[in-house]
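Data first, discussion second: the structure below is written as structure tokens.
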Amino acid sequence: MALRVSIILLYRRCRFFSGKFVVAFGAEVDVMAEDDTRRTFRIVGEDEADPAHGLIAPYSPLGDALLSAELGSIVEWRKPAGTVDLVIVAIRFP
Numbered sequence: 001m002a003l004r005v006s007i008i009l010l011y012r013r014c015r016f017f018s019g020k021f022v023v024a025f026g027a028e029v030d031v032m033a034e035d036d037t038r039r040t041f042r043i044v045g046e047d048e049a050d051p052a053h054g055l056i057a058p059y060s061p062l063g064d065a066l067l068s069a070e071l072g073s074i075v076e077w078r079k080p081a082g083t084v085d086l087v088i089v090a091i092r093f094p
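Using our numbering, the letters of the sequence shown map in sequence onto residues 1 to 94.
Dropping the structure here:
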């Protein structure tokens, strides 16, 4: 039952777009930071999340910042040490 509730809540959180490159659940996202470092993240379920390996949950601070963002947009990743601006340079759905 708890898993079903989690799936329903996640489904409500997802937004569906047509014809645009936007970040959604399951997306693999390449971002570039202000210091020109590039990282890849994938939006996965909470039970699969492993930030050290680039697997992030949609309810995490980074997942929340990335969801629904468009290709080329700048998002703010709010971390305990401060805010980091990231540019979305690629979005894939493997």
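Glycine included, each C-beta is placed from N, C-alpha and C at the ideal position.
- Aspartate 64 and valine 29 have their C-alpha atoms roughly 13 angstroms apart.
- For a cut-off of 8 angstroms, the C-beta gap from serine 68 to valine 23 is around 6 angstroms, short enough to register as a contact.
- The Cβ atoms of alanine 57 and glycine 72 lie no closer than 8 angstroms to each other.
- For the 8 angstroms CB-CB criterion, valine 75 and methionine 32 do not form a contact.
- Annotation for leucine 66: the continuous alpha helix (DSSP H) segment containing it runs 61-66.
- In the structure shown, alanine 90 falls within a strand segment according to DSSP collapsed to helix, strand and coil.
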